[in-house]
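Protein chains in written order, with numbering that gives the first Met the number 0: chain A, 0 to 417; chain B, 0 to 417; chain C, 0 to 417.
Every residue, glycine too, gets a C-beta built ideally from N, C-alpha and C.
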Amino acid sequence: METALFTANNIWMMLCTGLVFFMHLGFSFLEIGLTRQKNTINILFKNIFIITVGLLLYYIGGFNLMYPGFEDDDLGLLKFAGFGIAAPDGGMTPAYADGGYTWWTDFLFQGMFAATAATIVSGAVAERVKLQAFFIFTIIYVGIVYPIAGSWQWGGGFLSTLSYGSAEGFYDFAGSTIVHSVGGWAALIAVYLLGARVGKYNEDGSANAITGHSMPFTTAGVLILWLGWFGFNGGSVLSADPELTSLTLVTTSLAAAAGGVSAMTVAFFRYKNLDLTMFLNGILGGLVSITAGADQMSPNEAVIIGIIGGIIIVFAVSLLDKLKLDDPVGAIAVHLGTGIWGTLAVGIFGGLASFDQFLVQLAGVGAVAFFCSVSAFIILVILKKTIGIRVSRNEEVEGLDIHEHGMDAYPDFRLNQH
Amino acid sequence: METALFTANNIWMMLCTGLVFFMHLGFSFLEIGLTRQKNTINILFKNIFIITVGLLLYYIGGFNLMYPGFEDDDLGLLKFAGFGIAAPDGGMTPAYADGGYTWWTDFLFQGMFAATAATIVSGAVAERVKLQAFFIFTIIYVGIVYPIAGSWQWGGGFLSTLSYGSAEGFYDFAGSTIVHSVGGWAALIAVYLLGARVGKYNEDGSANAITGHSMPFTTAGVLILWLGWFGFNGGSVLSADPELTSLTLVTTSLAAAAGGVSAMTVAFFRYKNLDLTMFLNGILGGLVSITAGADQMSPNEAVIIGIIGGIIIVFAVSLLDKLKLDDPVGAIAVHLGTGIWGTLAVGIFGGLASFDQFLVQLAGVGAVAFFCSVSAFIILVILKKTIGIRVSRNEEVEGLDIHEHGMDAYPDFRLNQH
Amino acid sequence: METALFTANNIWMMLCTGLVFFMHLGFSFLEIGLTRQKNTINILFKNIFIITVGLLLYYIGGFNLMYPGFEDDDLGLLKFAGFGIAAPDGGMTPAYADGGYTWWTDFLFQGMFAATAATIVSGAVAERVKLQAFFIFTIIYVGIVYPIAGSWQWGGGFLSTLSYGSAEGFYDFAGSTIVHSVGGWAALIAVYLLGARVGKYNEDGSANAITGHSMPFTTAGVLILWLGWFGFNGGSVLSADPELTSLTLVTTSLAAAAGGVSAMTVAFFRYKNLDLTMFLNGILGGLVSITAGADQMSPNEAVIIGIIGGIIIVFAVSLLDKLKLDDPVGAIAVHLGTGIWGTLAVGIFGGLASFDQFLVQLAGVGAVAFFCSVSAFIILVILKKTIGIRVSRNEEVEGLDIHEHGMDAYPDFRLNQH
């Protein structure tokens, strides 16, 4: 490959890396916006912890665990290529990765993805999780569980070669399952084990709305995430191939728009209210839905997938509330609900659609569900039995910011007296 | 064209598409920052509606309406290439658009532009417009009016071939008229038909300042918009041509800086106050001013155009107040006032300057003024006579957030008690 | 060089230019977040002033002063290539700058850097500096001092050729010294001359924490700055060379992560508190630390440099407090403390490490320290003796926003009454 094309490809992948990094600001804004003011610093601290520690863990071992160089189809549980990163011979030449990017870019792009899984959990457990427990969970989940699940598909493991009939391998373009559901399953387990926030559910089973503290931050978070998804999906082409990257941005944006409008519309007819939160979560639902097949769908199919994703959001949020699973930011509905939908949609729409493919997609969803749920359950139950995973009732009521950080998020904020 | 150059061009255009998308966060922050806390969710809802619905409308029909493939010079009012988007043969090869980008990129870049026109209106009508009316207006204006006006110039219509003497065609590089004035005329008409907010003007004709609720958001909005303009103007080169793109970024940034400093300075001498809002609106004025000729101007000319743009802002804001046209965010001054100025400046400065060109620019301004004003007037008067365009006085006073969305933008915000 | 590679290089440099511009939003958020609500508009006004006036000054004379075309090694104090910018012959062809970018891109990228130095000072002097004095200081410092210091290294001046033994020239890849310490020295001098804020230190010498008004803005600022550093360091490769740019992003991000975690950890053991501010300043410390040698270090070395950078932050903040040097945002610790460390680290780690290189690095640090401290001291003492550099005690207590701008940053902010 000529130098110019290699350089252009690598620019695109570095740009996408930056955009995926920027998603962490999106997640931070989204999560603090939808939660109470008294827990803001705690959530920001968690998010900053995830980015920094997540990247360092991926550097120490995660990258080597996720791309171990499989010799045959196995579960990758015992594969580990060693600590620390070092570029292989030729890792900076077009010979590496078909000239799509350098090995350094590869590491950083994948490292930015790794932290995302834990961030998804962070939102769901907000406002009552014990910080040390969450840190230990994050270290194990980002450092070990995510890379193993990732290796099954993107590291060339058994999911990538899982074939059935005419279907040749599980397909998950940018991670509806491999990233979003990996986070979503852990979020579900964690929310179940943690229990609901004080005051969320009444004795008669009805739920109270616990409103957040800043809709501007929530909205900004979603717009930043949408932009970040240009990199999340666009970069998953793994080169700057003009047709595939531009198609991916079109399907991604149309699914986002369709998901938002459909969630907003359904919520309007269901609750007679123009609900900004539902509008925004619908956008995220559209984005997660298209992620598994963003390069496989036509614009029309992307719109349909997004519309269904938006509808799923509304009903999943409602269902979780009925099950008394208290997810302050809607992370389970968004990342797990539409993550599953998006993965299955690859078997229904687009270039790979077939009943065989649908079954393979279902098998992939199931394999990740089993591995991640069990892993998360084991880690969290051990933490619960030892150091505990939930703060005291008193701390929860007074706010985690003061108790864990000795600080208020807006310590000098005053109202205009003039 | 070789693959590498095509790939590089397409990367630039996708990057610019992302930046123009990001402008919607800039507009959102700007608008909520300059308006009252009680209407924040309403404005955010409007903006999210515009992005999502605007993009879907452009997908359904707008793109086909704007680029209909003119056979001869006509008004394009009856041209329509059909519903839905589908890439033409060769749309993913360098043969399309001189290898500047793929057809998918083309659609998405133009789609991001389309929503901008309605967003401009959104700011001007904030704090009293009835939501359903604004939605219907947006759908018609973004779905039909903007694409028709756009087709006249960028779709190869009569403005693009309007010649007079030595001048060969109306020139509007990135849309001082075709985007900003299209939004600005509608904003002017809407503000006129809506009337001023309760409490804005006293019986003696004097105006009260109705201050916004967050200058940090306002400032962030302007900086994000400036960054977004790298894509808005830089992408309007329609390739990554090194000379033109880099010149465009230089003229854009210098005009922004010059506009800000000139507005700040004039406001200081006029009002004896270091007015941050005027500083920021001056930056936007500089940006809109240079948009019509960003690729035609030298840096020196860009600075002059920006300085004049900044001066126009100060006097236009003041003039609108005298006319009792209540524009909460200064959108008319920025997008219409300096939009006209920037368009005319192409006839005065830069490579195309000539008296003939000036007249052609004037004709283009006039044609768009007529079409957009009349269209906006008709749509809005019909809406006013039917469902109404303004909320009740009670709703306006108590805030649109509670009445239309049943929610407060900062429901859990508390002051530090420690 | 072929057109495609030139185009790709120029795209990367334009992208990096945009990212460095975006850092100004990061600085703005960081600074207002860490300071009191009553001075918010004042800080935003300062930042907007720096961006706009800084860019115009660089256009008027700074760029020509910084890259004067040295004929021999001199101090560049009397070199000046004239007012205004105009591209040289061939400035838009691959013949310029080895095809890394066009001359227009060169100007804009360097112009975005120029404003950064003054922004660093802005944070340190916040909440009590007199606005006119700061403006005059900024104009001189950005317009003259920064370009002269910059010319010594990046303009081909005496630092770039300063050799000793085996060391061939001072090395400062992206400006740990040439940008960050240039700002940091002025910040130190300014803080010393200004004195501490009212209420910061007690009579017994102990310090009071003066908390800021928005940790979400602070956090967002740091994440935006980290993203911006992709451009700051990545663009300092001065082309899109795949290996060097991607290595630079990896070392930059790993140092940021390591700096954050080390500062957070040290602060936890020292103060028994999970301190978000220290976590965030540690990230910035890691970023500044790696800036001088981001292209010379292995990932392992980047992590070590970042860890030490994070530790320096904790102790530098504490030391400054003991010296009663009141820096509201920690700018001196971050930009000067780790700026020096990062510069010296080039002599200790990476491809250039040698004792001779260490001495050359030390000499460079000393030369810039001397020139910038003396320049800042002279400018500020003259300002102090004439118009004064500090606002009145009354103005400081009541807030600069009302006194200098007649406005409150959140004039219409209300608490939820429902």
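Could you pull out every unbroken alpha helix (DSSP H) segment of at least 4 residues lying fully inside the stretch 35 to 113 of chain B, listed in chain order?
Here the runs fully enclosed are 39 to 56 and 62 to 65.
If you draw a straight line from the C-alpha of V380/C to the C-alpha of I388/C, how long is it?
Here residue 380/C is taken as the residue at index 381 of the third sequence, counted from 1. Here residue 388/C is taken as the residue at index 389 of the third sequence, counted from 1. If I take the Cα positions, the gap works out to 9 angstroms.
May I ask you to verify whether the stretch 131 to 139 of chain A touches the stretch 293 to 310 of chain A, counting CB pairs closer than 8 angstroms and requiring at least 3?
The stretch 131 to 139 of chain A is not in contact with the stretch 293 to 310 of chain A.
Any Cβ of chain A within less than 8 angstroms of the Cβ of T244/C?
Sequence index remark: in the third sequence, residue 244/C carries index 245 (1-based). T244/C has a beta carbon lying within less than 8 angstroms of a beta carbon in chain A.
Using a Cβ-Cβ cutoff of less than 8 angstroms, which residues in the same chain neighbour D400/C once the five nearest sequence positions on both sides are dropped?
The count along the third sequence starts at 1 and reaches residue 400/C at position 401. Excluding five sequence positions before and after D400/C, the CB atoms of its chain that fall closer than 8 angstroms to its own CB belong to K37, N38, T39, I40, N41, M406, D407 and A408, given in chain order.
What did DSSP end up calling R392/C once you bin it into helix, strand or coil?
Translated into positions along the third sequence, residue 392/C becomes position 393. In the three-state reduction of the DSSP assignment, R392/C falls in the helix class, which pools H, G and I.
On a Cα-Cα basis, can you pick out the residue from A254/C, L192/C, S353/C and T276/C that is closest to I418/C?
Only positions 0 to 417 of chain C appear in the structure, and residue 418/C is not among them; the question remains open.
May I ask which residues mark the beginning and end of the alpha helix (DSSP H) holding S261/A?
For the purposes of this step, residue 261/A is taken as residue 262 along the first sequence, with counting starting at 1. Taken as a continuous stretch (DSSP letters only), the alpha helix (DSSP H) holding S261/A covers P241 to Y270.
Which term fits Y270/A, buried or exposed, when burial requires 16 or more other beta carbons within 10 angstroms of its beta carbon?
For the purposes of this step, residue 270/A is taken as the residue at position 271 of the first sequence. Counting the other CB atoms within 10 Å of its CB gives Y270/A a total below 16, which places it among the exposed residues.
Between L43/A, L243/A and A3/A, which lies nearest to G220/A when the distance is taken from Cα to Cα?
By one-based count along the first sequence, residue 220/A stands at place 221. Comparing Cα-Cα distances from G220/A to each of L43/A, L243/A and A3/A, the minimum goes to L43/A.
Buried or exposed for D203/B, please, with buried defined as at least 16 other CB atoms from any protein chain shown within 10 angstroms of its CB.
Here residue 203/B is taken as the residue at index 204 of the second sequence, counted from 1. Taking every protein chain shown into account, the CB of D203/B has fewer than 16 other CB atoms within 10 angstroms, so this residue is exposed.
Mapping DSSP to helix, strand and coil, what is S435/C?
One cannot answer for residue 435/C here, as it falls past the ends of chain C, which runs 0 to 417.
Any C-beta of chain B under 8 angstroms from that of N9/C
Stepping through the third sequence from its first residue, residue 9/C is reached at position 10. So, interface residue.
Residues that S252/C contacts on chain A, provided the C-beta gap is smaller than 8 angstroms:
The count along the third sequence starts at 1 and reaches residue 252/C at position 253. Within chain A, F20, L54, L107 and G110 have C-beta atoms less than 8 angstroms from the C-beta of S252/C, given in sequence order.
Need the endpoints of the alpha helix (DSSP H) that E30/C sits in, please.
If you number the third sequence from 1, residue 30/C lands on position 31. For E30/C, the enclosing alpha helix (DSSP H) begins and ends at T2 to G32.
Give the secondary structure of H417/C by DSSP, where H, G and I count as helix, E and B as strand, and everything else as coil.
What you label residue 417/C is simply residue 418 of the third sequence in a count that begins at 1. No answer about H417/C holds up, because its pLDDT of 45 lies below 50 and its placement is not dependable.
C-beta contact flag for L55/B and I147/B at 8 angstroms:
To locate residue 55/B, count along the second sequence from 1; it is residue 56. To locate residue 147/B, count along the second sequence from 1; it is residue 148. Against a cut-off of 8 angstroms, the Cβ pair of I147/B and L55/B comes out as no contact.
Is the separation between the beta-carbon of A166/A and that of V359/A shorter than 8 angstroms?
For this step, residue 166/A is matched to residue 167 along the first sequence. For this step, residue 359/A is matched to residue 360 along the first sequence. Yes.
Counting only the same chain and skipping the five closest in sequence on each side, list residues whose C-beta sits under 8 angstroms from that of R392/C.
As a first step, residue 392/C is located in the third sequence; it is residue number 393 there, counting from the start. Setting aside the 5 residues that flank it on each side, R392/C is surrounded in the same chain by V197, each with a C-beta closer than 8 angstroms to its C-beta; the list follows chain order.
List, in chain order, every chain C residue whose beta-carbon is nearer than 9 angstroms to that of E30/B.
Within the second sequence, the letter at position 31 stands for residue 30/B. Within chain C, no residue has its beta carbon less than 9 angstroms from that of E30/B; the closest one is some 14 angstroms off.
Any beta carbon of chain C sitting closer than 8 angstroms to that of T16/B?
Start at 1 with the first residue of the second sequence, and residue 16/B comes out as number 17. T16/B is outside the set of residues whose beta carbon lies under 8 angstroms from a beta carbon in chain C.
For chain B, find out if any of its Cβ atoms is closer than 8 angstroms to the Cβ of R389/C; answer yes or no.
Counting from 1 along the third sequence, the entry for residue 389/C is found at position 390. No, R389/C does not count as interfacial toward chain B.
Any idea if P87/A is buried or exposed, counting beta-carbon neighbours within 10 angstroms, 16 or more meaning buried?
Counting from one through the first sequence, the residue named residue 87/A turns up at place 88. Under the 10 Å beta carbon count, P87/A is surrounded by fewer than 16 other beta carbons and is classified as exposed.
Give the list of continuous alpha helix (DSSP H) stretches no shorter than 4 residues that lie fully inside the stretch 326 to 379 of chain C.
The stretch 326 to 379 of chain C is shown to contain whole alpha helix (DSSP H) runs of 4 or more residues at 337 to 344, in chain order.
Can you look up E167/C in the DSSP assignment and give me helix, strand or coil?
Numbered from its first residue, the third sequence carries residue 167/C at position 168. Here E167/C sits in strand by DSSP.
Given that P93/B touches chain C, what residues does it touch there, using C-beta distances under 7 angstroms?
Position 94 of the second sequence, counted from the start, is the residue given in the question as residue 93/B. Neighbours of P93/B on chain C: none; closest Cβ ~11 angstroms, over 7 angstroms.
Please list, in chain order, the chain C residues whose beta carbon lies closer than 7 angstroms to that of E426/A.
This structure cannot settle anything about residue 426/A, because the visible part of chain A is limited to 0 through 417.
Using a cut-off of 7 angstroms between C-beta atoms, extract the partners of G259/A located in chain B.
Counting from 1 along the first sequence, the entry for residue 259/A is found at position 260. Within 7 angstroms Cβ-Cβ: I47 and T51.
Proximity below 8 angstroms, CB of V19/C to CB of G227/C
Counting from 1 along the third sequence, the entry for residue 19/C is found at position 20. Counting from 1 along the third sequence, the entry for residue 227/C is found at position 228. In this structure, G227/C lies closer than 8 angstroms to V19/C by Cβ.
Pick helix, strand or coil for A291/A, following the three-state DSSP scheme.
Position 292 of the first sequence, counted from the first residue, corresponds to residue 291/A. DSSP places A291/A in coil when its eight states are reduced to three.
Contact the stretch 23 to 37 of chain B vs the stretch 239 to 250 of chain B: 3+ CB pairs below 8 angstroms:
Touching, no, given that fewer than three Cβ pairs across the two stretches are closer than 8 angstroms.
Can you give me the start and stop residues for the alpha helix (DSSP H) that P410/A sits inside?
Counting from 1 along the first sequence, the entry for residue 410/A is found at position 411. No alpha helix (DSSP H) contains P410/A, which DSSP labels as neither H nor E.
Scan the stretch 297 to 322 of chain A and note each continuous alpha helix (DSSP H) run of 4 residues or more that stays entirely inside, going in chain order.
Listed in chain order, the complete alpha helix (DSSP H) runs (minimum 4 residues) inside the stretch 297 to 322 of chain A are 298 to 321.
Mind checking who Y200/B pairs with in its DSSP beta bridge?
Residue mapping note: residue 200/B aligns to position 201 of the second sequence, counting from 1. BP columns for Y200/B point to A206/B.
Rounded Cβ spacing between Y200/B and A206/B (contact assumed at less than 8 angstroms)
As a working mapping, residue 200/B is identified with position 201 in the second sequence. As a working mapping, residue 206/B is identified with position 207 in the second sequence. A Cβ-Cβ separation of about 5 angstroms places Y200/B in contact with A206/B under the 8 angstroms criterion.
So, is the C-beta of M65/C closer than 8 angstroms to a C-beta in chain B?
Here residue 65/C is taken as the residue at index 66 of the third sequence, counted from 1. Chain B contact via Cβ: absent.
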